[in-house]
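K.L.:
Numbering (the numbering used here), first residue to last: 11 to 275.
Note that CB positions come from ideal geometry on N, CA and C, so glycine has one too.
Before I ask anything, here is the structure I am working with.
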């Protein structure tokens, strides 16, 4: 598939509106285009800043009446009509006097309704991140490129990842829990390079995506995305997203073992 020019797909990618095939192709391009990756980060940061700082203000009461009064004051009064015509003109003036207010109310209601529907249908940041995690897992599985450093020794995988990232990810050893380490690779999520730790649980592949997160510790939370199970948590300044096609209870067991292995002793 030929990827369209970046500007045509950039905002659809950031808003999580691209089909899976186009999203995978776009993410693959991000890995090889630092300029495009930087543009994505800037757009995401701008969106977060607008959502956090933008505010709305309601027009003060009487503002419309004041504008109408000022507009009428600047006009030359027309000749006074006959009594019957005067009554008709008074009725017309009353009619047209409330029409702008009615139109403004209708427009405001429509805007609020549209915004409400948009907020209900637009994916949340966590939902978009979940889409990225699942898409990365699918892409790596289909391309048969799960590991760049194949090794079951965490003392080999951890230094390899640390030398290629700006942080040192925790690499627990779950061999005794029946989930041996298979290796690791560098992937791209949440606008930055991240560590992807690959484990084997029976016949199933389990991936743990790890990157720094300044937020407070967050307990384990699970969900489903496109038929894949995920569990996420934050501990000791590291965000974890675990994804696999395991059953939910099995994946939660693996997540609890990983979280416990990374807990302070």
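So who's on the other strand from residue 198, going by DSSP bridges?
P.N.:
203
K.L.:
Look at the alpha carbon of residue 53 and the alpha carbon of residue 38, and state the distance between them as a whole number of angstroms.
P.N.:
18 Å
K.L.:
Short check: CB of residue 219 to CB of residue 189, under 7 Å?
P.N.:
no
K.L.:
Given this structure, state the Cα-to-Cα distance separating residue 34 from residue 224, to the nearest angstrom.
P.N.:
28 Å
K.L.:
Go through the segment 137 to 173 residue by residue and report every complete run of the alpha helix (DSSP H) that reaches 4 residues or more, in order.
P.N.:
164 to 172
K.L.:
Among residues of its own chain, excluding the 5 on either side of residue 128, which ones have a beta-carbon nearer than 7 Å to its beta-carbon?
P.N.:
The pLDDT assigned to residue 128 is 48, lower than 50, so where the model puts this residue is not dependable; a value taken from the coordinates is nonetheless given after this. Closer than 7 Å at Cβ, skipping near neighbours: no residue.
K.L.:
Rounding to the nearest angstrom, what Cα-Cα distance links residue 163 and residue 173 in this structure?
P.N.:
16 Å
K.L.:
Helix, strand or coil: how does DSSP classify residue 43 here?
P.N.:
coil
K.L.:
Give me the Cα-Cα distance between residue 161 and residue 180, rounded to the nearest whole angstrom.
P.N.:
Per the coordinates, the alpha-carbon of residue 161 lies some 15 Å from the alpha-carbon of residue 180.
K.L.:
Taking 7 Å as the limit between beta carbons, can you name the residues of its chain near residue 136, skipping five residues before and five after?
P.N.:
Cβ within range, chain order: n/a, list empty.
K.L.:
Cβ atoms of residue 251 and residue 143: under 7 Å apart, would you say?
P.N.:
yes
K.L.:
Label residue 155 either buried or exposed according to how many other C-beta atoms from any shown protein chain fall within 10 Å of its C-beta, with 16 as the threshold for buried.
P.N.:
exposed
K.L.:
Tell me, to the nearest whole angstrom, how far the beta carbon of residue 157 is from that of residue 192; I am working on the premise that it is less than 8 Å.
P.N.:
6 Å
K.L.:
Is the Cβ-Cβ distance between residue 254 and residue 228 less than 7 Å?
P.N.:
Taking 7 Å as the Cβ cut-off, residue 254 and residue 228 do not qualify as a contacting pair.
K.L.:
Could you tell me the alpha carbon to alpha carbon distance between residue 184 and residue 175, rounded to whole angstroms?
P.N.:
One C-alpha to the other measures close to 23 Å.
K.L.:
Three-state secondary structure (DSSP) at residue 187?
P.N.:
Residue 187: helix per DSSP, three-state reduction.
K.L.:
In the structure shown, what three-state DSSP assignment does residue 192 receive?
P.N.:
strand
K.L.:
Is residue 73 buried or exposed, if buried means 16 or more other CB atoms sit within 10 Å of its CB?
P.N.:
Looking at its Cβ environment, which holds fewer than 16 other Cβ atoms inside 10 Å, residue 73 is exposed.
K.L.:
Answer yes or no: do residue 264 and residue 204 have a C-beta to C-beta separation smaller than 7 Å?
P.N.:
no
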